[in-house]
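Under the working numbering, the residues of the sequence shown are numbered 55 to 212, in order.
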Amino acid sequence: MTTDAYLAFVGLGLIMIVADGQILYHSGKRYLSDVDDETDSVGSMAQLVAVLFHIVMFGFLALLSVLNFDFGGGNTLRAVVGNLGVLLLLLALVHAVTMAVISQLRDSRATDDRYSGPAPRTPTSTNVQLQRGQIVTPVADQPGRDPRMSASIDDYPS
């Protein structure tokens, strides 16, 4: 690959990587903010994932730029297009992995939010509090309380 083709490949590769990284950052930030209201932590997480994406892709670009793929022999345009095709395939793969990481972050945030808040008052917690002590009907002339029935299965949230 000639110097002009090499510089064209590196320049176009940088543009594609930066554009895709910015799309991932802004979309990831919006996607994570649906679950978490803390904009500072959402922005930080999206930024860390985007930086990791950029570092990995810049490394792949550097490796691809020094490898000599013979696309089309001496034709400069075919060499640039061929190298860009390989870069696009790697870009798609790393983009998919990054989306999976962002999705995992969102799922873990949603799980944390769901289970870290105050426990909802359900019929189960009420019945447990009411059933402390003996739960059988006392024999005549013995102290004790009347048994309570548990709530219907229809009363539990699904």
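Ideal placement from N, C-alpha and C gives every residue a C-beta, glycine not left out.
Everything numeric in this text was worked out from a predicted model, so none of it was measured.
Compute the Euclidean distance between the alpha carbons of residue i and residue j, then round it to the nearest angstrom.
i      : j      : result
Val105 : Tyr169 : 30 Å
Met99  : Leu143 : 26 Å
Tyr79  : Ile207 : 45 Å
Give the DSSP-derived three-state secondary structure of residue i in the structure shown.
i      : result
Asn137 : helix
Met55  : coil
Gly128 : coil
Ser206 : coil
Asp161 : helix
Asp166 : helix
Leu142 : helix
Val89  : coil
Comparing C-alpha positions only, which one of the options sits nearest to residue i?
i      : options                           : result
Ala116 : Asn137, Leu78 and Ser162          : Asn137
Ala146 : Ile71, Ala62 and Phe63            : Ile71
Gly82  : Gln101, Val64 and Gly65           : Gln101
Met153 : Gly67, Gly75, Phe63 and Tyr60     : Gly75
Tyr85  : Pro211, Asp161, Thr165 and Asp166 : Asp161
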